[in-house]
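Step one of this worksheet: look at the structure below.
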Amino acid sequence: MGSVAWKVLAAASSIAAGKAATTVTAKGWKAATGGKPPVNKHDPNHSATQIAVFAVVSTAMAAGFKAFAERKAADYYTRSTGTPPPAVAKQQQKAATKAALKA
């Protein structure tokens with residue numbers, strides 16, 4: 001059951017992070033340029049440079065927001081269940097095994 005709960009929590013946090021990153025990036029673009037952000041890579045209202053800059057910034061924002069949200073979700077899961085999320089526990093076990101083999 002814990003695995004299912006973690007998957008739902010991780011998915012919900014990723015979706016929320018994506019929506020937040022999109023909103024922040026769009027508002028930041030409008031504040032910086034005074035115009036709407038590019039809709040896609042073929043947007044005739046923006047230059048190739050503007051589209052490239054927007055793609056880099058929006059991707060970085062999305063990755064940052066997702067990492068933050070997943071970290072907070074993992075903290076919440078750990079506090080709620082008393083154990084780390086299954087994916088984290090698996091990574092910890094691999095690291096412990098690897099360290100034991102080196103010793």
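Numbered according to UniProt numbering, the sequence shown terminates at residue 103, and the numbering increases by one at each position without gaps.
All C-beta atoms in this analysis are idealised placements derived from N, C-alpha and C, irrespective of residue type, glycine included.
Owing to the predicted nature of the structure, the values given are computational and were not obtained by experimental measurement.
With respect to the alpha helix (DSSP H) encompassing G2, which residues constitute its N-terminal and C-terminal limits? What you label residue 2 is simply residue 2 of the sequence shown in a count that begins at 1. It spans G2 to T33 - the alpha helix (DSSP H) in which G2 sits, taken as one unbroken run.
Other residues of its chain near E70: CB distance less than 8 Å, five sequence neighbours each side excluded: Reading the sequence shown from its first residue, position 70 is the one you call residue 70. Excluding residues within five positions, the ones whose Cβ falls inside 8 Å are A10, S13, S14 and A17.
Cβ neighbour criterion (16 or more within 10 Å) applied to A48: As a first step, residue 48 must be located in the sequence shown, where it is residue number 48. Exposed, by the Cβ-count rule.
Looking only at its own chain, which residues have a Cβ that is under 6 Å from the Cβ of T25, when we skip the five neighbours before and after it? Counted from its first residue, the sequence shown places residue 25 at position 25. Only S58 and M61 meet the Cβ criterion.
Considering Cα atoms alone, identify which of A21, P37, Q92 and D75 is closest to A52. Mapped onto the sequence shown, residue 52 falls at position 52. Of A21, P37, Q92 and D75, the residue nearest in Cα terms is P37.
I'd like to know whether the C-beta atoms of A74 and P85 end up nearer to each other than 7 Å. Along the sequence shown, read from residue 1 onward, the residue named residue 74 stands at position 74. Along the sequence shown, read from residue 1 onward, the residue named residue 85 stands at position 85. Closer than 7 Å, so yes.
Between the alpha carbons of W6 and A99, how many angstroms are there, rounded? As a position in the sequence shown, residue 6 is number 6, starting the count at 1. As a position in the sequence shown, residue 99 is number 99, starting the count at 1. Roughly 27 Å between the two C-alpha positions.
Would you give the residue range spanned by the alpha helix (DSSP H) that K90 belongs to? Position 90 of the sequence shown holds residue 90. P86 to K102 is the extent of the alpha helix (DSSP H) around K90.
Could you say which of Q91, A63 and Q93 lies nearest to K19 if we only look at CA atoms? On the sequence shown, position 19 is the one that residue 19 refers to. It is A63.
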